[in-house]
Amino acid sequence: MRTKIISAIFRKEIKEVLRDKRMLYLIILLPFFLYPVLFTLIGKVGQSQQEKLSTQSIEVLVSPELKGTAVEEALAQSSELKLNFTDFEEATIDTMSNGIGIKLDVPFDQTMQNNGTASIQILADQSKDLLQFRSRQIRTVLQGVNQNLLKARIDGAGLNPEFAKPLNITQVDLASDQEQAGKALASFLPMIILLFIFVGCIYIAIDITAGEKERKTLQTIFTAPIKVSEIIAGKFAAVFTVGIVSAFMNILSLMVAIMIQVKFMGGEVGSFSISIDPMGWFWLCLIIFLITVFLAALTLAVVLLANSYKEAQSYVSPLMMLIIIPAVMSQMPGMELNTSTALIPMLNISLAIGAILKGGFSTAMIAMVAGMALLYAVIALFFASQTFGNENVVTGEKIDFKSLFSFRKS
Amino acid sequence: MEVKIEARSLTKNFGTFRAVDALSFDVKAGEVFGLLGPNGAGKTTTLRMLSGLLTPSGGEAFIAGHSMEKQQQQARSSLGFLTGDMDLYRRLNPVELLTYFGQLYEVPKATLSARVDKLVDAFGITDFKDRFCEKLSTGQKQRVSIARTLVHDPAVVILDEPTTGLDIMASEFILQFIKKMAQEEGKTVIFSTHHLDEVERLCDRIAIIHQGKLEHYGTISEVKQRTQKENLADAFFQLVN
């Protein structure tokens with residue numbers, strides 16, 4: 001392979017990409033505006049929604065037995081709860097658009113005097129945000145009343161307050177700020193990285209393959225005295241570069257947006273830093289490099305089968321699913337990197353990136369994932385060379401798919 | 001005279017359909033050779049096999065003495081190929097495009113710039129040399145396309161319907177250039193067209209193909225004599241009907 005030829009093809013592809021305003025906007029400029037705007041918008045909308053919920057009042061049907069009790073006194077403190085002491089059935093609450101019921105099963109005062117237990121039910125349609133919010137508020141108020149009544153009983157019996165608390169359980173989180181940040185990032189960053197590498201690759205891959213077929217420029221290069229492997233290498237280098245740059249831009253922008261959001265919510269930006277050791281960075285960069293090689297080769301090979309931009313886009317959706325589904329699966333409870341999951345494409349990458357971000361990863365496992373990613377990259381490059389070396393694919397004729405999987409000199 | 005293009009029993013099958021059936025002909029240095037035939041006759045498939053874009057199902061093609069199958073690099077280096085299925089990169093200007101192809105054909109760096117300047121001048125590209133190709137008119141694009149096929153100064157040029165879609169002025173420019181290439185620079189040219197008047201003006205010899213088979217191969221006067229017709233158009237209709 002001649003590096004001069006590969007370099008010429010690479011520079012031409014990159015030059016065309018840099019002159020395509022639409023692609024520049026989508027891959028480089030959009031992320032810088034999208035995430036900060038999106039995150040700020042989500043934060044603002046969430047905050048205003050919360051404020052709106054906290055001012056909206058609802059009607060609360062309360063069993064008449066609770067009138068004049070500590071429960072009424074506590075609930076009456078909240079002006080948004082319009083108390084209505086009446087007998088009611090569960091069905092009545094169902095028919096109300098904005099109503100909650102508080103139902104008592106035994107006479108309240110008598111039960112309290114006998115040091116018994118009164119069961120109180122909070123009836124609400126939890127599918128409605130406002131009712132869910134208010135029912136939680138009512139539960140908190142009732143828990144306060146319960147604490148007061150318990151204290152009164154303990155005092156009345158002349159017991160020490162510790163009588164009702166044989167165990168005092170507290171949970172101490174040994175995770176550092178960095179580890180917590182790593183865990184938080186590991187829950188979404190692997191998927192984001194995979195998606196953005198893919199998205200970055202796909203735009204340019206379509207443009208320089210199916211797009212060129214549609215614009216009738218692809219065949220020209222195939223009549224020049226160039227080896228198919230040189231064409232692939234030049235185009236592949238361009239797709240790889242845009243994929244990596246796109247992922248880097250998106251992740252950088254996402255991190256900036258997260259920092260802004262942490263600051264906006266009153267947190268310490270410094271507490272949201274991750275601690276990855278040099279070996280962790282090495283493995284992270286190697287895995288991202290290999291997966292970009294794989295995705296660049298895969299997207300090139302697949303979209304070259306299409307004869308137009310539109311057709312190529314229809315091939316993209318199934319590919320996208322192949323990336324998203326394993327990445328989402330990696331977030332399932334109990335899913336971790338082991339000798340089985342390390343073999344599954346995308347799932348292994350997602351789990352490996354997550355493990356590195358969380359820290360304390362097994363080098364052997366990560367090395368295994370890197371090895372698998374390399375294998376997939378080699379397979380994808382082989383498939384790309386088969387596709388590029390197929391004259392029917394290049395000339396837009398009907399493709400014999402069997403020929404794509406047979407070994408051939410290129 | 002030296003044979004520059006040789007087709008030996010060229011055959012192409014697409015599945016069970018035989019598009020080109022054992023075509024044999026040769027074209028000598030400095031000749032303008034016309035490849036004629038109705039739509040679907042197999043002209044473009046033949047030219048694509050000669051250029052190495054399609055692999056023949058049978059037979060072999062030679063360009064400047066090099067087998068397109070066994071010595072593809074050398075054969076392609078000696079060839080400039082243009083078909084109606086080829087367009088220009090939208091976001092490159094003509095100078096960048098010619099320079100790019102010069103690099104692909106490994107034109108020495110020292111001479112590439114001068115070669116590009118010469119082609120820009122010869123094809124009247126100067127006025128729009130800095131404009132992106134997507135902004136060019138059809139005629140301007142075709143001038144750049146032909147300049148592109150010549151950037152490495154090939155001995156053999158294959159032009160598939162180079163005047164299709166062009167106005168009379170642009171067509172005339174292209175035809176004059178083809179004539180000049182053969183007469184003054186000694187280049188060997190195969191061109192296919194549906195305009196038989198162009199063939200009569202330019203071609204030394206012709207091949208008429210119909211349903212993938214060679215119907216006639218020789219000079220224009222030979223085909224007229226064979227068919228007993230006064231003009232090429234009548235002779236052509238007789239052979240393909």
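Chains A and B, in that order, give the protein sequences. Numbering follows my numbering, with no gaps: position 362 of the first sequence is 362. Numbering follows my numbering, with no gaps: position 47 of the second sequence is 47. For each residue, glycine too, the CB sits at the ideal point set by N, CA and C. Every value quoted in this text rests on a predicted model; they were computed, and no experiment measured them.
- Per DSSP, the continuous beta strand (DSSP E) segment holding N13 of chain B begins and ends at 3-14.
- Contact between the segment 177-190 of chain A and the segment 341-353 of chain A is present: three or more C-beta pairs spanning the two stretches fall below 8 Å.
- For N93 of chain B, the three-state secondary structure derived from DSSP is coil.
- The count of Cβ pairs closer than 8 Å, one atom from the segment 32-42 of chain B and one from the segment 204-216 of chain B, reaches three, so the stretches are in contact.
- Contact of A224 of chain A with chain B by beta-carbon distance below 8 Å involves R76, F101, L104, Y105.
- Contiguous alpha helix (DSSP H) elements confined to the segment 71-131 of chain B occur at 72-77, 94-104, 109-122, taking only those with 4 or more residues.
- K12 of chain A and I5 of chain A have their C-alpha atoms some 11 Å from each other.
- For T55 of chain B, the chain A residues whose Cβ falls inside 8 Å of its Cβ are E391, in order along the chain.
- The Cβ-Cβ distance between V303 of chain A and A297 of chain A does not fall below 9 Å.
- Straight-line spacing of the CA atoms in A152 of chain A and E65 of chain A works out to 20 Å.
- Burial is judged here by how many other beta carbons sit within 10 angstroms of a residue's own beta carbon; E96 of chain B has at least 16 and is buried.
- For E162 of chain A, same chain residues with a beta-carbon under 8 Å away, outside a window of 5 residues either side, do not exist.
- In chain order, A74 place their CB closer than 8 Å to the CB of G144 of chain A, counting only its own chain and leaving out the 5 sequence neighbours on each side.
- Ranked by Cα distance from K135 of chain B, the options B:Y89, B:N231, B:K118, B:L82 are led by B:Y89.
- Closer than 9 Å to the CB of A364 of chain A there is not a single CB belonging to chain B.
- In this chain, L61 of chain A is not harboured by any alpha helix (DSSP H); it is covered by the beta strand (DSSP E) spanning 58-62.
- Each of A:K128, A:V242, A:P107, A:I366 was checked against the Cα of I93 of chain A, and the nearest Cα belongs to A:K128.
- Looking at the DSSP output, Q121 of chain A shares a beta bridge with A:K103.
- The alpha-carbon of I42 of chain A is positioned some 12 Å away from that of L34 of chain A.
- Inter-residue distance for A70 of chain A and G101 of chain A is about 17 Å (C-alpha atoms, whole angstroms).
- Pairwise C-beta distances place the segment 318-325 of chain A in contact with the segment 188-206 of chain A, as three or more of them are shorter than 8 Å.
- When DSSP states are grouped into helix, strand and coil, F88 of chain A belongs to the coil group.
- G186 of chain B and V144 of chain B have their C-alpha atoms some 21 Å from each other.
- Burial of N390 of chain A is indicated by the presence of at least 16 other C-beta atoms within 10 angstroms of its C-beta.
- Inside the segment 114-183 of chain A, DSSP marks whole beta strand (DSSP E) runs of 3 or more residues at positions 120-123, from first to last along the chain.
- E51 of chain A has a beta carbon lying at 9 Å or more from every beta carbon in chain B.
- A377 of chain A is classed as buried because its beta carbon has at least 16 other beta carbons within 10 Å across all chains shown.
- Bounds of the alpha helix (DSSP H) holding V71 of chain A are 70-75.
- Around the beta carbon of R139 of chain A, a 10 Å sphere encloses fewer than 16 other beta carbons of the protein chains shown; the residue is thus reported as exposed.
- According to the DSSP assignment, R205 of chain B belongs to the beta strand (DSSP E) that extends over 205-210.
- 9 Å or more divides the Cβ of L119 of chain B from the Cβ of A155 of chain B.
- Straight-line spacing of the CA atoms in Q126 of chain A and Q132 of chain A works out to 5 Å.
- Burial state of F282 of chain A is exposed, judged by a 10 Å Cβ sphere holding fewer than 16 other Cβ atoms.
- Residue pairing by DSSP places E60 of chain B opposite B:R8 in a beta bridge.
- Contact with chain B is absent for I28 of chain A, since none of that chain's Cβ atoms lies less than 9 Å from the residue's Cβ.
- Only exposed fits V328 of chain A, as fewer than 16 other CB atoms lie within 10 angstroms of its CB.
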